[in-house]
Amino acid sequence: MRGLWLIVFVAALSANPVCAQDRINVVASFSILGDFVKNVGGDRANVTTLVGPNGDVHVYTPSPSDAKKNADAKILVVNGLGLEGWLPRLVQAAGSKAAIVTASNGIAPLKVGSEADPHAWQSVPNAKIYVANIRDALVAADPPDAAMFRANAARYLGELDALDAEVRAAIAKIPPERRKVITTHKAFAYFAAAYGIAFLAPVGVSTETEPSARDIAALIQRIKADKIPAVFLENLSDDRLVGRIAAETGAKSGGTLYSDSLTGENGPAPTYIALVRHNIKALTSALGN
Amino acid sequence: MSAQLQFRDVTLGYDRHPAVHHLAGDVAAGALLAVVGPNGAGKSTLFRGLVGILKPLSGSISLGGLDARDIAYLPQTADIDRGFPITVFDFVGTGLWRATGLFGGIGNAERKKIAAALAAVGLTGFENRAIGTLSGGQMQRLLFARLMLQDARLILLDEPFNAIDSRTSADLLLLVKRWHAEGRTILVALHDLETVRAHFPETLLFARGPVAWGPTEEVLTPDNLLVAMRMCEAFDDSAAACVADPQSRAA
Amino acid sequence: MLTAALITPFTDFEFMRRALAAVIALSLGGAPIGVFLMLRRMSLVGDAMAHAILPGAAIGFLLYGLNLLAMILGGLTAGFLVAILAGVVSRSTGLKEDASLATFYLASLALGVTIVSVKGTNIDLLHVLFGNILAMDDQTLLTVACNATITLIVLAVIYRPLVIESVDPLFLRTVSRAGTPTHLAFLALVVINLVSGFQALGTLLAVGLMILPAGIAKFWSRDISGMICTAVVSAIISGYAGLVLSFQTRIPSGPAIILVAALLYIGSVLFGSVGGVVRQLFPGRHLEA
Chain A
74 MRGLWLIVFV AALSANPVCA QDRINVVASF SILGDFVKNV GGDRANVTTL VGPNGDVHVY
134 TPSPSDAKKN ADAKILVVNG LGLEGWLPRL VQAAGSKAAI VTASNGIAPL KVGSEADPHA
194 WQSVPNAKIY VANIRDALVA ADPPDAAMFR ANAARYLGEL DALDAEVRAA IAKIPPERRK
254 VITTHKAFAY FAAAYGIAFL APVGVSTETE PSARDIAALI QRIKADKIPA VFLENLSDDR
314 LVGRIAAETG AKSGGTLYSD SLTGENGPAP TYIALVRHNI KALTSALGN
Chain B
2 MSAQLQFRDV TLGYDRHPAV HHLAGDVAAG ALLAVVGPNG AGKSTLFRGL VGILKPLSGS
62 ISLGGLDARD IAYLPQTADI DRGFPITVFD FVGTGLWRAT GLFGGIGNAE RKKIAAALAA
122 VGLTGFENRA IGTLSGGQMQ RLLFARLMLQ DARLILLDEP FNAIDSRTSA DLLLLVKRWH
182 AEGRTILVAL HDLETVRAHF PETLLFARGP VAWGPTEEVL TPDNLLVAMR MCEAFDDSAA
242 ACVADPQSRA A
Chain C
-5 MLTAALITPF TDFEFMRRAL AAVIALSLGG APIGVFLMLR RMSLVGDAMA HAILPGAAIG
55 FLLYGLNLLA MILGGLTAGF LVAILAGVVS RSTGLKEDAS LATFYLASLA LGVTIVSVKG
115 TNIDLLHVLF GNILAMDDQT LLTVACNATI TLIVLAVIYR PLVIESVDPL FLRTVSRAGT
175 PTHLAFLALV VINLVSGFQA LGTLLAVGLM ILPAGIAKFW SRDISGMICT AVVSAIISGY
235 AGLVLSFQTR IPSGPAIILV AALLYIGSVL FGSVGGVVRQ LFPGRHLEA
């Protein structure tokens, strides 16, 4: 019965003469994935995002309208690696028949303690794998537009290649002994591994854990001992803690690094490429001489 | 040092049912008046109206120029938190509120007054006890001591001798008479007719409305007492609006 | 060796010194309030208030974005409104204080959630609003200190009527009109302490350092002024020991302080000189008179 309504609904949608026929409905779990899908799907894909700009994908609480978005979708693109703990129940509740695409399939996961670190998109090579997975999923779900998806993807992958080169060049300009920073969010492990900058953080992977005095003291001692030049804020967490650490160690406060979410249209990181560019600019200006 | 009360056709009650119905009359300054009536007669309600806790349903009460600080009220059941960590001394000391206000210190003069009040009720030696450790009778005496310190011109006692032994009652009665001798106006609601006949010159026999009011021997006659006893205790849910109520006359 | 454990964390690290200063300020202001809360059977008001401030913070967020000052002012306003409305209702009707507060805070919380969802982002506002004792910057320290000063001054002014009102409200009502203003001033103090406590230190610490020391004090003193002193002292001890504990182990600082306070509480329940369990079981020989 539900399937019948879905068919009627989709048929009604595709009966619209103004829309290109078969605009495929895709739901992305959060803004960065949404950006990838838009770049590959072009105007053949109708993309909606569950956790929007400046949202916190770790602790998101879905609403009924999200369930509806899921129900209408043909593909649901998720990060996987344990990022969206709230998603399985939403999918079940929505009764969605969407194909679930795990964008991080095929990357080599890093570990945080005993669990996988989900922030794989932070390294541009990994982002390329994400894009490839998304392209393959779109092609499989909507074969008539395959050529377009492949062309979009190829173009976007080229842009990502250029971005990767930019990042490497920028980092090469930073003296090796200064390639270490503090942030509040352990979200940059993949960036660190790919590009050789060390990121140290006083709190755990999600925005919820609280540090002990010992953790902070150890961090301060480490910063002083290793002469770490800069501390960065992430756009969601307690900046006062980072500020305190900066004040006590003489490290420079470098501004904001964006990790888990794009900003709004008017912010400095409205797309993934803008996000990476912003981050690398902030890093180089804080760490360079 | 005395006051005069006027009840101007006052009706007090709950939920529009009258518990004191059309009471009119005067209490002379310096009077010692017993208010007598069966259970549910409205005695406590009358006192609440006098103190200002209950607003009249119609009519008014004139306090002859007294304000709240000149009235001392001992309710029948006090909602006192006996578990509160306060000593007898401090508790009685709150009776000096009128004199000390927010910040006034408790100096030597005040300490002497507190000690005198405690002595008058026989609670010397209890100063550092927490109030939760006192018996019912001791608590009542404590409340009397506080009342003393209030030094009020109008004193209202609602069934003050309930549940205390006769020796204590006798002692407290002496205190009441002493206050009367000092010229204060005192109204006491009580049950025990023997005590009333023995100690109170004036009585108001009350059963929702005044049954008789005047010198005790004239009021506490068997006929009057019978009328009072016949008063119906429960409120009448099907009662109509009172014709004598000025509001209904206007409507 | 012991000095190293107890003193050096504070001599070595500024954030520890600041945390200790904050805990002392919080104890001075919050512990006396907690004693009155406990005596007036309002111990759960802290948790209620944490939720009640949400619509105020939400409106601040709606109007000014993630501006901390706007959200705090909004939170304070909402807190005052709820506390005062609850106070007025319980004084003028038969509804008791706890029920009155419960109804208002629930309504407030629902309103807050609605307002936040209208804006459409899922940022956990309360999470952003709540701070951490290890992150005491100058501004927050100043706030906590001002708080303590205001509280002590106002408490000194309303002390006498507050005590009378707590033990025999009818008496105060018949001799003075100070009852209602005193009550409302007390509620205002509660709100100020809680909101600035949340913002500086998080819910657990702000409420915990109010209520637990009051519970401890009950077992050592029969008199309210003694209770207040004991409460303040035990709050400071808990704070100090908790910080040391958090420094030596991996326990987060807020929970560490509360755990120490809880241990002190259990010790008081067992061995307290006023009504402690052990004293009741083994009263010793009775006296001559």
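Residue numbers (the numbering used here), protein chains in the order written: chain A, 74 to 362; chain B, 2 to 252; chain C, -5 to 283. The beta carbon of each residue, even a glycine, is placed where N, CA and C say it ideally should be.
Considering only residues of the same chain and omitting the five flanking positions on each side of THR122(A), which have a CB-CB separation below 6 Å? The count along the first sequence starts at 1 and reaches residue 122(A) at position 49. Take THR122(A), set aside five residues on each side of it, and the residues of its chain with a beta-carbon closer than 6 Å to its own are ALA101, SER104, GLY107, in chain order.
Where the beta strand (DSSP E) containing GLN7(B) begins and where it ends: Numbered from its first residue, the second sequence carries residue 7(B) at position 6. Here the beta strand (DSSP E) through GLN7(B) covers 6 to 15.
Could you check where the alpha helix (DSSP H) with PHE109(A) kicks off and where it finishes? Residue 109(A) sits at position 36 when you count from the first residue of the first sequence. PHE109(A) -> alpha helix (DSSP H) spans 104 to 114.
Nearest by alpha-carbon distance to VAL157(C): which of LEU33(B), GLY50(B), ARG83(B) is it? Here residue 157(C) is taken as the residue at index 163 of the third sequence, counted from 1. Considering only alpha carbons, the answer is ARG83(B).
CA nearest to the CA of LEU158(B), picked from LYS178(B), GLY137(B), VAL189(B): Locating residue 158(B) in the second sequence gives position 157, counting from the first residue. Cα-wise, what sits closest to LEU158(B) is VAL189(B).
For ILE127(C) versus LEU199(C), is the C-beta spacing smaller than 8 Å? Locating residue 127(C) in the third sequence gives position 133, counting from the first residue. Locating residue 199(C) in the third sequence gives position 205, counting from the first residue. Yes, the Cβ-Cβ distance between ILE127(C) and LEU199(C) is below 8 Å.
Is DSSP giving ASN89(A) helix, strand or coil here? In the first sequence, residue 89(A) corresponds to position 16, counting from 1. Low per-residue confidence applies at ASN89(A): pLDDT is 49, beneath 50, and the placement is therefore not dependable, though the value from the model is reported in the following sentence. It is coil, neither helix nor strand.
Considering PHE241(C), what are the terminal residues of the alpha helix (DSSP H) in which it resides? In the third sequence, residue 241(C) corresponds to position 247, counting from 1. Going by DSSP, PHE241(C) is part of the alpha helix (DSSP H) stretching over 218 to 242.
For LEU309(A), count neighbouring C-beta atoms within 10 Å of its own C-beta (all shown protein chains included) and say buried if the count is 16 or more, exposed if not. Indexing the first sequence from 1 puts residue 309(A) at position 236. Confidence at LEU309(A) is low in this model, with a pLDDT of 37, below 50, so the placement of that residue should be treated as unreliable; the coordinate-derived value is given next. Buried is the call here.
Taking the runs of the alpha helix (DSSP H) that are 4 residues or longer, which of them lie wholly in the segment 88 to 154 of chain B? Correct list: 89 to 94, 98 to 101, 109 to 121, 137 to 151.
Quick one: Cα of LEU253(C) to Cα of GLY236(C), how far? Along the third sequence, read from residue 1 onward, the residue named residue 253(C) stands at position 259. Along the third sequence, read from residue 1 onward, the residue named residue 236(C) stands at position 242. Approximately 7 Å, taken between the alpha carbons.
Name the chain A residues that come within less than 7 Å of GLN193(C), Cβ to Cβ? Position 199 of the third sequence, counted from the start, is the residue given in the question as residue 193(C). In chain order: nothing, as chain A lies at least about 10 Å away.
By how many angstroms is the C-alpha of LYS259(A) removed from the C-alpha of VAL278(A)? One-based indexing of the first sequence puts residue 278(A) at position 205. One-based indexing of the first sequence puts residue 259(A) at position 186. Bear in mind that a pLDDT of 30 at VAL278(A), under 50, signals an unreliable position, so the number given afterwards is only what the model happens to contain. Near 5 Å, if we compare the C-alpha coordinates of LYS259(A) and VAL278(A).
Those residues which DSSP pairs with ALA271(A) across a bridge: By one-based count along the first sequence, residue 271(A) stands at place 198. DSSP, once it has assigned bridges, lists LYS253(A) as partnering ALA271(A).
Which of helix, strand or coil does DSSP assign to ALA42(B)? The residue given as residue 42(B) occupies position 41 in the second sequence. Three-state DSSP puts ALA42(B) in coil, outside helix and strand.
Just to check my reading of the structure: VAL120(A) and ALA226(A) have Cβ atoms closer than 8 Å, yes? What is that Cβ distance to the nearest angstrom? Locating residue 120(A) in the first sequence gives position 47, where the first residue counts as 1. Locating residue 226(A) in the first sequence gives position 153, where the first residue counts as 1. That pair is no contact at about 15 Å.
Are the C-beta of THR134(C) and some C-beta of chain A separated by less than 8 Å? Counting from 1 along the third sequence, the entry for residue 134(C) is found at position 140. Yes, because at least one Cβ of chain A sits closer than 8 Å to the Cβ of THR134(C).
I'd like to confirm the pairing. Which residues does DSSP put opposite THR197(C) in its beta bridges? Position 203 of the third sequence, counting from 1, holds the residue named residue 197(C). Within the DSSP secondary-structure output, THR197(C) pairs in no beta bridge.
Ignore the nearest five residues each way along the sequence and tell me which others in LEU33(B)'s own chain have a CB closer than 7 Å to its CB. On the second sequence, position 32 is the one that residue 33(B) refers to. Correct list, in chain order: HIS181, ILE187, PHE201, PRO202, GLU203.
ASN152(A) burial status per 10 Å Cβ neighbour count (16 or more: buried): Stepping through the first sequence from its first residue, residue 152(A) is reached at position 79. Around the Cβ of ASN152(A), a 10 Å sphere holds 16 or more other Cβ atoms; the residue is buried.
For TRP214(B): DSSP bridge partner residues: By 1-based counting over the second sequence, the position of residue 214(B) is 213. Answer by DSSP bridge pairing, in chain order: LEU205(B).
So with CB distances below 8 Å, who are the chain B contacts of PRO163(C)? Residue 163(C) sits at position 169 when you count from the first residue of the third sequence. Chain B residues near PRO163(C): ASP80.
So, at 8 Å on beta carbons, what are the nonlocal neighbours of THR95(B) in its own chain, with the 5 sequence-adjacent residues on each side left out? As a first step, residue 95(B) is located in the second sequence; it is residue number 94 there, counting from the start. Excluding five sequence positions before and after THR95(B), the CB atoms of its chain that fall closer than 8 Å to its own CB belong to ARG147, given in chain order.
Could you tell me the boundaries of the beta strand (DSSP E) in which VAL174(A) lies? The residue you call residue 174(A) lines up with position 101 of the first sequence. Unbroken beta strand (DSSP E) run through VAL174(A): 172 to 175.
The beta strand (DSSP E) enclosing PRO1(B), as first and last residue numbers: Outside the displayed span of chain B (2 to 252) sits residue 1(B), for which this structure offers no information.
Residues bridged to TYR74(B) by DSSP? As a working note, residue 74(B) is residue 73 in the second sequence. Note: TYR74(B) is bridge-paired with LEU157(B) in the DSSP secondary-structure output.
So, VAL89(B) versus LEU143(B), is the Cβ gap smaller than 8 Å? The residue given as residue 89(B) occupies position 88 in the second sequence. The residue given as residue 143(B) occupies position 142 in the second sequence. For VAL89(B) and LEU143(B), yes; Cβs fall inside 8 Å.
GLU219(B) classed as buried or exposed, judged by whether at least 16 other C-beta atoms fall within 10 angstroms: As a working mapping, residue 219(B) is identified with position 218 in the second sequence. GLU219(B) counts as exposed, since fewer than 16 other C-beta atoms from the protein chains shown sit within 10 angstroms of its C-beta.
For the beta strand (DSSP E) containing THR186(B), name the first residue and the last one. For the purposes of this step, residue 186(B) is taken as the residue at position 185 of the second sequence. Element bounds for THR186(B): 186 to 190.
Out of curiosity, what's the CA-to-CA distance linking PHE92(B) and ARG112(B)? In the second sequence, residue 92(B) corresponds to position 91, counting from 1. In the second sequence, residue 112(B) corresponds to position 111, counting from 1. Taking the CA atoms as reference points, PHE92(B) sits about 13 Å from ARG112(B).
Closer than 8 Å, CB to CB, is ILE158(C) near chain B or not? Here residue 158(C) is taken as the residue at index 164 of the third sequence, counted from 1. Yes, ILE158(C) lies at the interface with chain B (some Cβ there is under 8 Å from its Cβ).
Can a CB atom of chain B be found closer than 8 Å to the CB of THR2(C)? Counted from its first residue, the third sequence places residue 2(C) at position 8. Not closer than 8 Å to any Cβ of chain B, the Cβ of THR2(C) fails to qualify, so no.
Sufficient close CB pairs (3 or more, under 8 Å) joining the segment 341 to 351 of chain A to the segment 288 to 298 of chain A: Taking 8 Å as the limit for Cβ pairs, the verdict is that the segment 288 to 298 of chain A does not touch the segment 341 to 351 of chain A.
Within 8 Å, strictly: CB atoms of LYS147(A) and ALA214(A): Residue numbering aside, residue 147(A) sits at position 74 when the first sequence is read from its first letter. Residue numbering aside, residue 214(A) sits at position 141 when the first sequence is read from its first letter. Contact: yes.
I'd like to know if PHE127(B) contacts chain C, where contact means its C-beta is closer than 8 Å to some C-beta of that chain. If you number the second sequence from 1, residue 127(B) lands on position 126. No, because no Cβ of chain C sits closer than 8 Å to the Cβ of PHE127(B).
Within the chosen definition, does the segment 162 to 175 of chain C reach the segment 65 to 81 of chain B through at least 3 CB pairs nearer than 8 Å? Touching, yes.
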